[in-house]
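Engineer: Chains as they are written, first to last, in my numbering: chain G, 24 to 163; chain C, 2 to 384.
Ideal Cβ placement from N, Cα and C applies to all residues, glycine included.
The structure is given below, and queries will be raised subsequently.
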C-alpha cells in the first residue's frame with residue numbers, strides 16, 4: 024500500500040546519480056527498492072552498483088517489503104543544515120526484514136513511546152521532482 | 002618485520018590557543034611545526050618527510066610550499082580524527098624502510114563560530130542516503146549510546162562519569178578550554194543534544210592544532226630530549242560495506258591487540274591511555290574493546306573511578322577532547338602529545354603518572370556508521 028504522510032520535517036532533495044536514481048524514483052512511486060546481489064543475495068545498503076559482501080558487480084534492483092524493526096534511535100534536539108530550525112526529530116537505524124540497516128527518520132510517533140525492537144513500516148515523503156525520502160512509522 | 006623501536010618521537014607540541022580568530026590555518030600549521038621542531042632541537046631544514054591530512058588546498062603539497070619543505074616522502078592520509086596516529090605509524094614505517102629520517106606531522110584548524118551545514122559532496126557515495134535525514138555527529142554517537150544501554154544496561158550516569166574524570170584532570174591544565182570540575186548531576190542536567198547524549202557528553206569545539214616530529218634512531222641519539230619509542234601501530238577500518246555495522250563496538254577490537262602484539266607488551270603493562278573521546282560513549286566502548294574491562298562492563302568500569310589518577314588506567318590526563326582540546330573536530334594529534342608528555346615525565350605535576358614507561362594513544366576517526374581506528378603503543382627508551 025502506498026502511503027504518503029504530511030510531515031513537518033524538512034525533505035531535502037537528495038543528490039541523485041544515474042547509479043542511484045532507481046532508488047529515488049521507486050520511492051517517488053511508493054516502493055522501497057534496494058540493490059540485491061545476484062551472487063550472494065545480500066541486500067545492499069547504501070544503494071550502489073557493487074556488492075561489498077562478496078565482491079561482485081552482479082547486482083539487481085529488487086522491491087522490499089518496507090517492513091522492519093528499530094535497531095536504535097535518538098531524538099535530536101540540535102539539528103544542522105536543513106534541520107537547524109526543527110525543534111526536535113527522531114533519527115533511527117531500522118533493520119529491514121530483508122537484512123539491510125538503514126539510517127532514517129521515525130515520523131508520526133511520540134518519541135517517548137519508541138523502543139528498540141519495535142516494528143515499523145516505510146512511508147514516503149516527496150523530495151523534489153524525482154525523489155521521495157523513505158521514512159518509517161510504527162507498524163499498527 | 003616490525004616497526005618496534007625503529008623510530009622515535011623527539012618533538013611534540015600542542016598549540017596553547019583554543020580560539021584563533023586572526024590566524025590563517027596554514028599559519029597554525031607553521032607555528033606548530035616550528036615549536037615541535039624546536040622541542041626536538043631540529044631545524045625545519047632537517048625535515049625530509051611530511052605528513053598532514055591533505056585537507057588544505059592541493060593535498061599535502063600546498064603546505065610543503067607554505068613551509069618551504071622539499072620532502073622525499075609525503076603522506077596525506079585523511080581518516081578523520083585518527084589521521085595523526087596513522088601518520089606516526091606511517092612515518093615509523095617510512096623511516097624503518099629508509100625512505101626518510103626526520104618526519105614532520107602537523108595539524109591546524111579553525112572551526113570556532115562556524116555553523117555546520119549538511120555535508121554534500123556529489124561524489125561521496127553514502128552522503129545522499131544520510132544527510133537528508135538530518136544526521137549529525139552527536140546523533141550518530143547517540144544511536145550507539147542508546148544501543149549500548151539497551152544491550153548492556155549502561156546508564157546516563159555512567160556516561161557522565163567519563164566527563165567527570167576528564168574535568169577533574171582538566172582543572173590542572175592551564176590551556177584547557179573547560180577547566181571547571183563537573184559532577185555527574187551537572188552532566189545529566191545539561192541540555193539534551195541528541196538523547197541520551199547531553200551537552201556535557203560531547204567534546205569541545207576548538208581552533209588550534211599541534212605537531213609531532215618522528216626521527217630515525219641515529220638522529221634521536223644526537224638530540225638532548227628523551228626519545229619516545231614508537232613500539233606498535235595498527236589500523237582498523239569498520240563499516241557497513243559487507244553487511245550491517247554494529248553500533249556497540251569500535252575498530253579497537255582489531256587495532257588494539259594488533260598494536261600491542263607488535264610492541265610485544267601486555268595491556269596490563271600500560272600505565273597511561275589517551276583514548277579518543279569525541280563523546281563519553283566513545284571512551285566506554287573503546288576501553289571495552291581494548292580489554293581494559295569486559296564488553297558491556299565499560300559503564301560500571303568508568304563509574305568505579307578507573308580513569309582517575311589512582312584508577313586501573315589513568316586516561317586523558319590533559320582533560321581530553323571532552324574538556325581540553327579537540328581542534329577542528331580531530332583530536333588524534335593532541336592524544337599523541339599527552340602520551341608523550343606522560344612518558345617524558347612532563348605532564349602537569351598534579352596529573353603526572355609516576356614512572357610512566359608505557360602508554361597507548363588511540364584514535365577513532367569518523368562516526369559509528371564507518372570509522373577508522375588507530376592504536377599506537379609508545380614507550381620510554383628503557384621500556
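1. What residues match up with residue 90/C in a beta bridge as DSSP calls it?
2. Does residue 95/G get closer than 8 Å to chain C when you measure Cβ to Cβ?
3. Pick out whichever of 344/C, 353/C, 313/C has its Cα sitting closest to the Cα of residue 171/C.
4. Give every residue of the same chain whose Cβ lies closer than 7 Å to the Cβ of residue 41/C, excluding the five residues on either side of it in the sequence, and list them in chain order.
5. Work out the CA separation of residue 267/C and residue 371/C for me, nearest whole Å.
6. So, is the C-beta of residue 114/G closer than 8 Å to a C-beta in chain C?
7. Would you say residue 64/G reaches chain B, if we count a Cβ-Cβ gap shorter than 8 Å as a contact?
8. Please state whether DSSP places residue 35/G in a helix, a strand or coil.
9. In three-state DSSP terms, what is residue 77/G?
10. Hey, how far is the Cα of residue 257/C from the Cα of residue 65/G?
11. Just to confirm the assignment: which complete alpha helix (DSSP H) runs, minimum length 4, are found wholly within the stretch 278-334 of chain C?
12. Let me see if you follow: with CB-CB separation under 8 Å, is residue 139/G close to chain C or not?
13. If you measure from the beta carbon of residue 79/G to each beta carbon in chain C, is any gap under 8 Å?
14. Using 8 Å as the limit for Cβ to Cβ distance, is residue 50/G near chain C?
15. In or out: residue 2/C buried (at least 16 other Cβ within 10 Å) or exposed?
16. Taking 6 Å as the limit between beta carbons, can you name the residues of its chain near residue 88/G, skipping five residues before and five after?
17. Counting only beta-carbon separations shorter than 8 Å, does residue 136/C have a partner in chain G?
18. Report the CB separation of residue 115/G from residue 35/G in whole angstroms; it is logged as a contact under 8 Å.
19. For residue 38/G, which residues in chain C fall below 8 Å Cβ to Cβ?
20. State the start and end residues of the unbroken beta strand (DSSP E) segment that holds residue 138/C.
21. Short of 7 Å Cβ to Cβ, which residues in the stretch 184-200 of chain C face chain G?
22. If you measure beta-carbon to beta-carbon, which residues of the stretch 300-333 of chain C are closer than 9 Å to chain G?
23. Starting from the C-beta of residue 54/C, find all residues in its chain whose C-beta is less than 6 Å away, skip the five residues before and the five after it, and write them out in chain order.
24. To the nearest angstrom, report how far apart residue 344/C and residue 357/C are at their CA atoms.
25. Could one say the Cβ of residue 384/C lies closer than 8 Å to chain G's Cβ atoms, at least one of them?
26. What do you get for residue 77/G, buried or exposed, if any count of 16 or more other CB atoms within 10 angstroms of its CB means buried?
27. Go through its chain and collect everything with a Cβ distance to residue 331/C's Cβ below 6 Å, but skip five positions before and after it.
28. Is residue 252/C near residue 238/C, with beta carbons less than 8 Å apart?
29. Since residue 163/C contacts residue 318/C with CB under 8 Å, what's their CB separation in whole angstroms?
30. Alpha carbon to alpha carbon, how far is residue 314/C from residue 141/C?
31. In the stretch 230-258 of chain C, which residues sit with their C-beta less than 8 Å from some C-beta in chain G, listed in chain order?
32. If the criterion is Cβ atoms closer than 8 Å, does the pair residue 129/G and residue 146/G meet it?
33. I want to see whether chain C comes within less than 8 Å of residue 25/G, judged by CB atoms only; does it?
34. By the 10 Å Cβ neighbour count, where 16 or more other Cβ atoms means buried, how is residue 80/G classified, buried or exposed?
35. Determine the direct distance from the alpha carbon of residue 72/G to that of residue 167/C, and round the result to whole angstroms.
36. For residue 126/C, tell me which candidate among 23/C, 71/C, 241/C has the shortest Cα-Cα distance.
Structural biologist: According to the structure shown:
1. By 1-based counting over the second chain, the position of residue 90/C is 89. Answer is none; residue 90/C lacks a bridge partner.
2. The sequence position of residue 95/G within the first chain is 72, counting from 1. Closer than 8 Å: yes.
3. Mapped onto the second chain, residue 171/C falls at position 170. With distances taken between Cα atoms, residue 171/C lies closest to 353/C.
4. One-based indexing of the second chain puts residue 41/C at position 40. These residues qualify, in order along the chain: 11, 12, 214, 224, 226.
5. Sequence index remark: in the second chain, residue 371/C carries index 370 (1-based). Sequence index remark: in the second chain, residue 267/C carries index 266 (1-based). Cα to Cα, residue 371/C sits roughly 28 Å from residue 267/C.
6. In the first chain, counting from the first residue as 1, residue 114/G sits at position 91. It does; some Cβ of chain C falls within 8 Å.
7. Structure shown: chain B not included; protein chains present are G and C.
8. The count along the first chain starts at 1 and reaches residue 35/G at position 12. Looking at residue 35/G - three-state DSSP - the assignment turns out to be coil, as it is neither helix nor strand.
9. Here residue 77/G corresponds to residue number 54 of the first chain, with the count starting at 1. Of the three classes helix, strand and coil, the one that applies to residue 77/G here is coil, per DSSP.
10. As a working mapping, residue 257/C is identified with position 256 in the second chain. As a working mapping, residue 65/G is identified with position 42 in the first chain. In a straight line, the C-alpha of residue 257/C is about 30 Å away from that of residue 65/G.
11. 281-291, 299-304
12. For this step, residue 139/G is matched to residue 116 along the first chain. Chain C, which has a Cβ nearer than 8 Å to the Cβ of residue 139/G, makes this yes.
13. Within the first chain, residue 79/G is the residue found at index 56, counting from 1. So, not an interface residue.
14. As a first step, residue 50/G must be located in the first chain, where it is residue number 27. For residue 50/G, the answer is no, since every Cβ of chain C falls outside 8 Å of its Cβ.
15. Taking the second chain and counting its residues from 1, the one referred to as residue 2/C is at position 1. Exposed, by the Cβ-count rule.
16. Counted from its first residue, the first chain places residue 88/G at position 65. The answer, listed in chain order, is 120.
17. Along the second chain, one-based indexing puts residue 136/C at 135. So yes, residue 136/C belongs to the interface.
18. For the purposes of this step, residue 115/G is taken as residue 92 along the first chain, with counting starting at 1. For the purposes of this step, residue 35/G is taken as residue 12 along the first chain, with counting starting at 1. 17 Å between Cβ atoms; not a contact.
19. Counted from its first residue, the first chain places residue 38/G at position 15. Chain C residues near residue 38/G: 121, 123, 128, 129.
20. Residue 138/C sits at position 137 when you count from the first residue of the second chain. Here residue 138/C belongs to no beta strand (DSSP E); instead the alpha helix (DSSP H) covers 138-153.
21. 193, 194, 195, 196
22. Along the stretch 300-333 of chain C, there is no position whose C-beta sits under 9 Å from a C-beta of chain G.
23. Indexing the second chain from 1 puts residue 54/C at position 53. Here the set comprises 79, 84.
24. Taking the first residue of the second chain as 1, we reach residue 344/C at position 343. Taking the first residue of the second chain as 1, we reach residue 357/C at position 356. For residue 344/C and residue 357/C, the distance between alpha carbons rounds to 5 Å.
25. Reading the second chain from its first residue, position 383 is the one you call residue 384/C. It does not: the Cβ of residue 384/C has no partner Cβ on chain G nearer than 8 Å.
26. For the purposes of this step, residue 77/G is taken as residue 54 along the first chain, with counting starting at 1. By the neighbour-count criterion, in which 16 or more other beta carbons inside 10 Å mark a residue as buried, residue 77/G falls on the exposed side.
27. Walking along the second chain from the start, residue 331/C turns up at place 330. Excluding positions up to five away in sequence, the list reads 82.
28. On the second chain, residue 252/C is found 251 positions in, with the first residue counted as 1. On the second chain, residue 238/C is found 237 positions in, with the first residue counted as 1. Yes. Within cutoff.
29. For the purposes of this step, residue 163/C is taken as residue 162 along the second chain, with counting starting at 1. For the purposes of this step, residue 318/C is taken as residue 317 along the second chain, with counting starting at 1. Residue 163/C to residue 318/C, Cβ: 14 Å. No contact.
30. In the second chain, residue 314/C corresponds to position 313, counting from 1. In the second chain, residue 141/C corresponds to position 140, counting from 1. One C-alpha to the other measures close to 27 Å.
31. 241, 242, 243, 244, 245, 246, 248
32. As a first step, residue 129/G must be located in the first chain, where it is residue number 106. As a first step, residue 146/G must be located in the first chain, where it is residue number 123. Judged by beta-carbon spacing, residue 146/G lies beyond the 8 Å limit of residue 129/G, meaning their Cβ atoms are not closer than that value.
33. Position 2 of the first chain, counted from the start, is the residue given in the question as residue 25/G. Reliability fails at residue 25/G, whose pLDDT of 43 lies under 50, so the model's placement of it is uncertain and the value that follows must be treated cautiously. By this cut-off, residue 25/G is not an interface position.
34. On the first chain, position 57 is the one that residue 80/G refers to. Exposed is the call here.
35. Residue mapping note: residue 167/C aligns to position 166 of the second chain, counting from 1. Residue mapping note: residue 72/G aligns to position 49 of the first chain, counting from 1. If I take the Cα positions, the gap works out to 45 Å.
36. Walking along the second chain from the start, residue 126/C turns up at place 125. Selected option, being the one with the closest Cα: 241/C.
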